[in-house]
Amino acid sequence: MSVSFLRVDDRMIHGQTVTRWSLEYPCDGLIAVNDAAAANPVLKAAYKSASDKKTFVWGVDEFIAKSKKVVESDTRYFVITKNPVDMKKILVDAGFIPSDIKTVIIGPCNDRPGTTKLGNNQSITQEEAQALEDITKAGYEVEFALLKETAIGNWSKFRGQFGF
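Residues in the sequence shown are numbered from 2 upward in steps of one, following this note's numbering.
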């Protein structure tokens with residue numbers, strides 16, 4: 002197993018959250034995928050120090066280029082993107098197949114202009130909704146959960162609010 006967990010979290014790496022989810026889905030390392038963070042040495046360093054796990058911060062294209070090595074690795078990784086659009090680029094557009102993982106967990110997505118609030122600290126735009134719809138159509142389950150015990154439901158519960 003090379004990928005044990007797929008998550009969208011606008012904070013990307015947050016030590017307490019990583020610790021909590023790793024109880025459910027054991028991991029040895031983290032791969033944060035975000036172009037802005039990968040290009041910013043200060044952000045990159047902050048993310049790498051947020052957890053005691055081996056951590057990589059890559060842009061979308063860099064992740065896609067290295068994805069074969071990720072899949073073939075003996076290391077169990079959490080793959081975390083900052084937003085659903087980047088996760089769609091990885092799973093749908095690039096066709097990345099993360100072992101036998103078929104669930105994408107949507108964590109914090111802050112309230113922003115142009116978003117629809119689905120739950121506490123879980124708001125998405127129409128573009129992000131389209132990405133989640135595309136991820137679902139590619140065969141993934143999309144679950145909204147800041148933490149496992151506070152899950153608010155899967156994409157099928159919310160998709161009608163976005164015209165799907």
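We put the beta carbon where it would ideally sit given N, CA and C, even for glycine. On a predicted model such as this, the values are computed, not experimentally measured, just so you know.
I need the boundaries of the alpha helix (DSSP H) containing residue i, first residue and last residue.
i	result
valine 93	Here valine 93 belongs to no alpha helix (DSSP H), and DSSP marks it neither H nor E.
glutamine 131	127-138
alanine 51	Note, alanine 51: premise wrong, no alpha helix (DSSP H); not H, not E.
Report the partner residues of residue i according to the DSSP bridge assignment.
i	result
isoleucine 1	It is not possible to answer for residue 1, since the shown part of the chain is limited to 2 through 165.
glycine 154	Phe145
phenylalanine 79	Phe6, Leu31
glutamine 123	Cys110, Gly120
Between which two residues does the beta strand (DSSP E) holding residue i run?
i	result
lysine 55	55-59
alanine 33	30-34
threonine 117	117-120
Buried or exposed: where does residue i fall if 16 or more other Cβ atoms within 10 Å of its Cβ makes it buried?
i	result
glutamate 129	buried
glutamine 162	exposed
alanine 37	exposed
lysine 54	buried
lysine 90	buried
alanine 40	exposed
Using a Cβ-Cβ distance cut-off of 8 Å, determine whether residue i contacts chain D.
i	result
alanine 38	Of the protein chains in the structure, only one exists, and it is not chain D.
Contact between the segment 43-54 and the segment 62-72: three or more CB pairs below 8 Å? no
Hey, is the segment 107-120 in contact with the segment 52-66, meaning 3+ C-beta pairs nearer than 8 Å? no
Would you call the segment 21-30 in contact with the segment 82-95, where contact means no fewer than 3 C-beta pairs closer than 8 Å? no
Three Cβ pairs or more, each shorter than 8 Å: is that satisfied between the segment 143-155 and the segment 108-123? yes
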